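> First residue of the sequence shown? That's 1 in our numbering, and the numbers climb one at a time after it.
All C-beta atoms in this analysis are idealised placements derived from N, C-alpha and C, irrespective of residue type, glycine included.
If you're wondering where the values come from, they're calculated on a predicted model, not measured in any experiment.
My structure is below; once you've seen it, I'll send some questions.
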Amino acid sequence: MHGLTTKFPGLAVMALSSGLLDAAALSPALSPALASSIAPLDQALTLAQIESPAGLHTILVLENAPVPEKAGVLKNDAMPDADYGVLGLNLSKLYGSNPDDPLTLVASLGQARIRQDLAMSRALLEHYERDDFVISPAIGSAHVAAGTNYSAHGEEVGVDEVFLFPKFSDPTPQVTRVTAPPGGLLDYEIELCARFDRDITSLQDFNAAVVGVFLCGDYTDRATLMREIDTDDVASGRGFTDAKSGNDRFPVGPFTVVPDDWEEFLNGIRMTLSVNGEIRQQASGADMIMKLDEIVLGSLKQGGELRWTRGGERIRLIEDGRIRAGQVVLTGTPEGVVFRQPTRGFIFWNGIRWLFTFGFLGGNPLDYVIERFIEAARDEGKFLQPGDAVVMQASYLGEIKLTVTE
Numbered sequence: 001m002h003g004l005t006t007k008f009p010g011l012a013v014m015a016l017s018s019g020l021l022d023a024a025a026l027s028p029a030l031s032p033a034l035a036s037s038i039a040p041l042d043q044a045l046t047l048a049q050i051e052s053p054a055g056l057h058t059i060l061v062l063e064n065a066p067v068p069e070k071a072g073v074l075k076n077d078a079m080p081d082a083d084y085g086v087l088g089l090n091l092s093k094l095y096g097s098n099p100d101d102p103l104t105l106v107a108s109l110g111q112a113r114i115r116q117d118l119a120m121s122r123a124l125l126e127h128y129e130r131d132d133f134v135i136s137p138a139i140g141s142a143h144v145a146a147g148t149n150y151s152a153h154g155e156e157v158g159v160d161e162v163f164l165f166p167k168f169s170d171p172t173p174q175v176t177r178v179t180a181p182p183g184g185l186l187d188y189e190i191e192l193c194a195r196f197d198r199d200i201t202s203l204q205d206f207n208a209a210v211v212g213v214f215l216c217g218d219y220t221d222r223a224t225l226m227r228e229i230d231t232d233d234v235a236s237g238r239g240f241t242d243a244k245s246g247n248d249r250f251p252v253g254p255f256t257v258v259p260d261d262w263e264e265f266l267n268g269i270r271m272t273l274s275v276n277g278e279i280r281q282q283a284s285g286a287d288m289i290m291k292l293d294e295i296v297l298g299s300l301k302q303g304g305e306l307r308w309t310r311g312g313e314r315i316r317l318i319e320d321g322r323i324r325a326g327q328v329v330l331t332g333t334p335e336g337v338v339f340r341q342p343t344r345g346f347i348f349w350n351g352i353r354w355l356f357t358f359g360f361l362g363g364n365p366l367d368y369v370i371e372r373f374i375e376a377a378r379d380e381g382k383f384l385q386p387g388d389a390v391v392m393q394a395s396y397l398g399e400i401k402l403t404v405t406e
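Right under this line is the structure:
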């Protein structure tokens with residue numbers, strides 16, 4: 001690191017300040033630091049991609065930097081993100097390679113070589129605006145997700161074990177929209193996500209893989225979930241796939257970060273989600289119950305079972321006994337979502353109502369109570385509504401800005 005900081009003074013400042021971020025990251029007043037912080041170079045490589053006539057270029061992101069015409073302006077919380085970009089090294093230009101997946105470059109070159117070559121490539125540094133970063137086409141649409149992987153979230157929704165389920169959704173960019181389903185109950189979730197440079201079929205594959213970590217969101221129609229969930233066995237994962245899949249239910253952040261030590265890195269991540277400026281979710285990656293390797297191994301173990309459903313059809317968690325390179329592992333969300341399970345009082349009184357209003361002529365009491373709960377939740381208006389603005393941030397992983405539309 002010492003040899004680099006003589007050429008890149010900002011890297012020295014970044015390394016010294018990174019310890020302060022962990023201490024301050026949970027303070028709402030300091031939350032902008034989460035979105036603007038860049039992982040120290042001696043701990044991780046921060047990668048992003050831009051489009052060019054020659055194809056996708058992979059950028060090694062080094063530090064924050066004002067746009068050239070605002071170079072004399074210091075960053076503050078009031079400065080728009082569009083006026084404050086990053087300084088980076090174009091790895092595609094340096095190595096003459098334009099892979100769809102930035103993890104491919106790391107796998108072929110190695111992190112040590114990239115760091116070594118950076119020290120001799122000062123003239124190639126360029127400024128990039130964060131809004132120019134695009135989603136890697138290597139990310140597919142079939143993913144593996146962990147439910148209630150934070151104990152406080154499990155308590156708030158009434159589930160006391162971690163479970164897995166498949167999610168089908170194309171990724172959407174860091175500034176995006178999500179549609180509120182008509183008659184539905186749209187809920188938010190911030191998550192730490194990971195993917196790999198190769199197919200994973202075993203622990204050996206996992207240990208050999210290049211791990212890319214990034215920020216993502218997992219959006220849910222709770223009305224669909226309540227109608228399809230197995231109330232006798234919530235941890236079966238039934239109903240979660242239909243409720244969480246869809247083309248606008250999976251926004252992803254701008255950076256793919258390759259840490260030297262994935263577990264230490266994830267444990268140090270702080271994340272927040274706000275709705276219309278009010279912080280709703282706030283947690284650390286260290287709070288996860290199952291770590292990334294445990295989620296992967298659990299997925300490989302359960303993956304071939306036909307225990308999940310999509311559109312009424314039985315499906316597997318993964319195909320061919322492998323997590324493919326384009327699949328994402330969603331590691332779960334912390335507490336603070338909108339949904340809470342119906343209280344015993346609500347269930348009791350609506351059960352009585354079902355009986356005395358002859359609701360039994362049209363169905364069973366459980367379905368009746370669920371529909372009354374959905375109606376009451378819609379009337380209460382606490383779930384996401386058209387016009388709501390959701391901001392997700394995580395230290396070293398950037399920011400996702402999302403607007404809810406009809």
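Give a yes or no on whether the C-beta atoms belonging to A35 and Q393 are separated by under 7 Å.
Taking 7 Å as the Cβ cut-off, A35 and Q393 qualify as a contacting pair.
> Starting from the C-beta of P386, find all residues in its chain whose C-beta is less than 7 Å away, skip the five residues before and the five after it, and write them out in chain order.
Counting only Cβ-Cβ distances below 7 Å, and skipping sequence neighbours, we find A180, V404, T405 and E406.
> Can you tell me the Cβ-Cβ gap for P254 and R130, rounded? I've got them flagged as a contact below 8 Å.
With a Cβ gap of about 6 Å, P254 and R130 count as contacting.
> Label L366 either buried or exposed according to how many other C-beta atoms from any shown protein chain fall within 10 Å of its C-beta, with 16 as the threshold for buried.
Exposed is the call here.
> Have a look at I269 and G312 and give me their C-alpha separation to the nearest angstrom.
Using only the alpha carbons, I get a separation of about 37 Å.
> Given this structure, state the Cα-to-Cα distance separating V252 from R353, to the nearest angstrom.
Their backbone Cα atoms lie some 44 Å apart in a straight line.
> State the Cα-Cα distance for the pair S141 and L41, rounded to the nearest angstrom.
Whole-angstrom Cα-Cα distance: 31 Å.
> So V408 packs on F196, CB below 8 Å; how close in whole Å?
A query on residue 408 cannot be resolved here, the shown segment of the chain reaching from 1 to 406 and no further.
> Using only alpha-carbon positions, find the residue among N64, V159 and T104 that is nearest to Y128.
The residue with the shortest Cα to Cα distance from Y128 is N64.
> Answer with buried or exposed for Q204, where buried requires no fewer than 16 other C-beta atoms within 10 angstroms of its C-beta.
Exposed, by the Cβ-count rule.
> Between S236, R238 and A146, which has its C-alpha nearest K291's C-alpha?
Among S236, R238 and A146, the Cα nearest to that of K291 is on A146.
> Give a yes or no on whether 7 Å exceeds the smallest Cβ distance from F240 to chain E.
Going by chain labels, chain E is absent from the structure shown, which holds only one protein chain.
> Just the C-alpha distance for L60 and H143, rounded to the nearest angstrom, thanks.
Computed Cα separation, rounded: 26 Å.
> How many angstroms separate the CA atom of E278 from the CA atom of K401?
Taking the straight line from one Cα to the other gives about 14 Å.
> Go to Y219, then tell me how far its beta strand (DSSP E) extends in each direction, as first and last residue.
Careful: Y219 lies outside any beta strand (DSSP E) and carries neither H nor E.
> Enumerate, from N- to C-terminal direction, the unbroken alpha helix (DSSP H) stretches of 4 or more residues contained entirely within the segment 250-281.
As far as the segment 250-281 is concerned, its whole alpha helix (DSSP H) runs of at least 4 residues are 262-267.
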